[in-house]
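Undergrad: One structure, pasted below without further comment.
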Amino acid sequence: MIDYHLHTYLCGHARGRMEDYVKNAIQAGLEEIGFSGHFPLLHLSDRELASNLSIPEEKFPLYVEKVLDLKKKYPCIKIRLGCEVDYIPGCEEGVVKRLQPYPFDYIMGSVHLLDGFLFDHPGYMEEWEKRDVDEVYRNYFSRLLRCIRTGLFDIIAHPDLVKKFGFLPRFPLDSLYQKVARALQENNMVAEINTSGLRKPVKEIYPSLDFLKILCKYRVPVTLGSDAHSPEEVGKDLGKAQKWAEEAGYKEYASFSGRNFRLLPFPSP
Ligand SMILES: [Zn+2]
Ligand SMILES: [Zn+2]
Numbered sequence: 002m003i004d005y006h007l008h009t010y011l012c013g014h015a016r017g018r019m020e021d022y023v024k025n026a027i028q029a030g031l032e033e034i035g036f037s038g039h040f041p042l043l044h045l046s047d048r049e050l051a052s053n054l055s056i057p058e059e060k061f062p063l064y065v066e067k068v069l070d071l072k073k074k075y076p077c078i079k080i081r082l083g084c085e086v087d088y089i090p091g092c093e094e095g096v097v098k099r100l101q102p103y104p105f106d107y108i109m110g111s112v113h114l115l116d117g118f119l120f121d122h123p124g125y126m127e128e129w130e131k132r133d134v135d136e137v138y139r140n141y142f143s144r145l146l147r148c149i150r151t152g153l154f155d156i157i158a159h160p161d162l163v164k165k166f167g168f169l170p171r172f173p174l175d176s177l178y179q180k181v182a183r184a185l186q187e188n189n190m191v192a193e194i195n196t197s198g199l200r201k202p203v204k205e206i207y208p209s210l211d212f213l214k215i216l217c218k219y220r221v222p223v224t225l226g227s228d229a230h231s232p233e234e235v236g237k238d239l240g241k242a243q244k245w246a247e248e249a250g251y252k253e254y255a256s257f258s259g260r261n262f263r264l265l266p267f268p269s270p
């Protein structure tokens with residue numbers, strides 16, 4: 002089994018030594034893991050906020066070096082170099098330039114920010130109360146589509162993160178799910194099944210089963226991630242993620258190397 006969504010203390014809001022993430026993964030019997038540190042938030046002028054949310058730009062080379070060192074030190078487990086890029090319109094060129102020097106296995110795109118509204122941050126609950134939930138969902142999905150259509154990313158992280166706090170829209174989401182699925186298919190991208198939603202107020206894996214069934218219909222491959230922000234969370238609920246995938250119709254998952262993927266069968270339970 003694989004876990005492609007591991008953060009580290011370098012992200013500012015996660016904790017634990019990177020090596021402990023690896024050790025726990027080996028102990029949990031994972032075959033393959035990937036670090037997906039939050040890519041520096043280039044657009045934020047508030048440097049303190051930026052360094053709480055992402056790896057500071059000056060520390061990014063250190064992050065890469067550490068992952069590559071761990072790769073060498075622990076040949077008994079496949080360790081992939083990834084990162085999670087917050088998609089901010091207008092920052093595309095800066096992102097490409099800064100990603101270019103490194104030998105990534107995959108790059109995740111994600112949306113956590115809607116023009117200053119950090120909708121997945123507990124500090125923004127009051128803002129949620131003030132907003133029209135339907136409109137937040139529409140903005141979220143239109144931003145997600147823009148993120149996918151940049152063609153810069155390999156994996157879309159936690160595709161329906163907007164549901165995290167359990168605020169639900171009053172309109173059906175099927176047509177938006179279909180648009181996302183089609184865009185992922187057209188861009189040869191993979192969708193992440195992310196178990197961290199189970200640990201959040203919504204208490205559901207990202208994406209929802211309805212969404213995942215549509216992704217499967219459009220033949221969008223999947224990968225799995227715990228979104229671990231501490232070593233103890235490595236591999237968390239991956240068995241549930243596999244069941245979720247199988248229930249939606251998947252039999253395989255995507256394994257990345259050098260920004261290409263191949264499909265491997267799920268292990269039998
Ligand atoms: Zn994080
Ligand atoms: Zn994320």
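Taking the numbering used here, the leading residue of the sequence shown gets 2, the next gets one more, and so forth. The beta-carbon is built from N, C-alpha and C at its ideal position, and this holds for glycine as well.
Between which two residues does the alpha helix (DSSP H) harbouring residue 263 extend?
TA: Within the sequence shown, the letter at position 262 stands for residue 263. Taken as a continuous stretch (DSSP letters only), residue 263 belongs to no alpha helix (DSSP H), being part of the beta strand (DSSP E) at 261-266.
Undergrad: Which of the three DSSP states is assigned to residue 111 in this structure?
TA: Within the sequence shown, the letter at position 110 stands for residue 111. In the structure shown, residue 111 sits in a strand (DSSP, three-state: E or B).
Undergrad: Return the CA-CA distance between residue 88 and residue 30, expressed in angstroms with no decimal places.
TA: Counting from one through the sequence shown, the residue named residue 88 turns up at place 87. Counting from one through the sequence shown, the residue named residue 30 turns up at place 29. Roughly 33 Å separates the two Cα atoms.
Undergrad: For the candidate residues 16, 141, 4, 99, whose alpha-carbon lies nearest to that of residue 232?
TA: Position 231 of the sequence shown holds residue 232. Nearest of 16, 141, 4, 99 to residue 232, Cα basis: 16.
Undergrad: So, at 6 Å on beta carbons, what are the nonlocal neighbours of residue 188 in its own chain, with the 5 sequence-adjacent residues on each side left out?
TA: Walking along the sequence shown from the start, residue 188 turns up at place 187. Excluding positions up to five away in sequence, the list reads 149, 152.
Undergrad: Please report how far the alpha carbon of residue 230 lies from the alpha carbon of residue 159, in whole angstroms.
TA: Within the sequence shown, numbered from 1, the residue matching residue 230 stands at position 229. Within the sequence shown, numbered from 1, the residue matching residue 159 stands at position 158. Each residue's alpha carbon lies about 15 Å from the other.
Undergrad: Nearest-angstrom Cα distance between residue 56 and residue 183?
TA: Position 55 of the sequence shown, counting from 1, holds the residue named residue 56. Position 182 of the sequence shown, counting from 1, holds the residue named residue 183. Approximately 32 Å between the Cα atoms of the pair.
Undergrad: When the Cα atoms are used, what is the spatial distance from residue 6 to residue 234?
TA: Position 5 of the sequence shown, counted from the start, is the residue given in the question as residue 6. Position 233 of the sequence shown, counted from the start, is the residue given in the question as residue 234. Straight-line Cα distance between these residues: approximately 10 Å.
Undergrad: Just tell me which of 118, 252, 224, 103 has its CA closest to the CA of residue 239.
TA: As a working note, residue 239 is residue 238 in the sequence shown. The candidate whose alpha carbon is nearest that of residue 239 is 224.
Undergrad: Quick one: Cα of residue 163 to Cα of residue 2, how far?
TA: Within the sequence shown, residue 163 is the residue found at index 162, counting from 1. Within the sequence shown, residue 2 is the residue found at index 1, counting from 1. For residue 163 and residue 2, the distance between alpha carbons rounds to 27 Å.
Undergrad: Counting only the same chain and skipping the five closest in sequence on each side, list residues whose C-beta sits under 7 Å from that of residue 71.
TA: Stepping through the sequence shown from its first residue, residue 71 is reached at position 70. So the list reads 19, 20, 23, 80, once near-sequence residues are dropped.
Undergrad: From which residue to which residue does the alpha helix (DSSP H) around residue 178 run?
TA: On the sequence shown, position 177 is the one that residue 178 refers to. Residue 178 -> alpha helix (DSSP H) spans 175-187.
Undergrad: Quick one, which of 65, 124, 112, 134 has its alpha-carbon nearest residue 100's?
TA: Here residue 100 refers to the residue found at position 99 of the sequence shown. Ranking the options by Cα distance to residue 100, first place goes to 65.
Undergrad: How far does the alpha helix (DSSP H) with residue 130 in it extend, from its first residue to its last?
TA: If you number the sequence shown from 1, residue 130 lands on position 129. Per DSSP, residue 130 belongs to the alpha helix (DSSP H) from 126-131.
Undergrad: Is residue 122 near ligand 1, with its Cβ less than 6 Å from a heavy atom?
TA: The residue given as residue 122 occupies position 121 in the sequence shown. Checking the Cβ of residue 122 against ligand 1 gives no.
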